[in-house]
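I have placed the structure first, in the form of structure tokens, so that the comments after it can refer back to it.
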């Protein structure tokens, strides 16, 4: 056996990611989400920069209260990259029963784009597979909002 072969066989290390999760209690009361207006109000309160699109995921408990939320993506003035993997990875980690996604339109126009409809369909399908249903996708502007669920677009 030559020296080069020995070196190749000596490498036995494996690198595996390790995740540790600790669920902490909070003194804050959970925020209930009853409708798209509640979603829009919450999203406006956490998004301080309305010059770019942001996708916010609200991870809900069994009583439709926000167990956790995440700004999953920050994009450009008219586009945010949205991946079901990124949205549902967090949903699984926090133990969400269901979720709602929302994103802002800096233009002020609440009309959903074809891309908005497509990602809503993909997220809904992924949620059905995982048992974490997507309840709504809300487009939020400074003054209005649009619920894709209420408008039966998924």
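In this note's numbering, the protein residues as written are 143 to 296. Glycine included, C-beta positions come from ideal geometry on N, C-alpha and C.
Three-way DSSP call (helix, strand, coil) for residue 172 in this model: Per DSSP, reduced to three states, the secondary structure at residue 172 is coil, with no helix or strand assignment.
Residue 240 versus 216, 248, 204 and 292, residue with shortest Cα-Cα distance: If we check each option's Cα against that of residue 240, 204 comes out closest.
Segment limits, beta strand (DSSP E) that includes residue 208: Start and end: 208 to 216.
Beta-carbon proximity list for residue 192, same chain, < 7 Å, skipping 5 on both sides: Cβ neighbours of residue 192 beyond the five flanking positions: 246, 248 and 284.
Strand pairing of residue 287, partner residues [DSSP]: Answer by DSSP bridge pairing, in chain order: 282.
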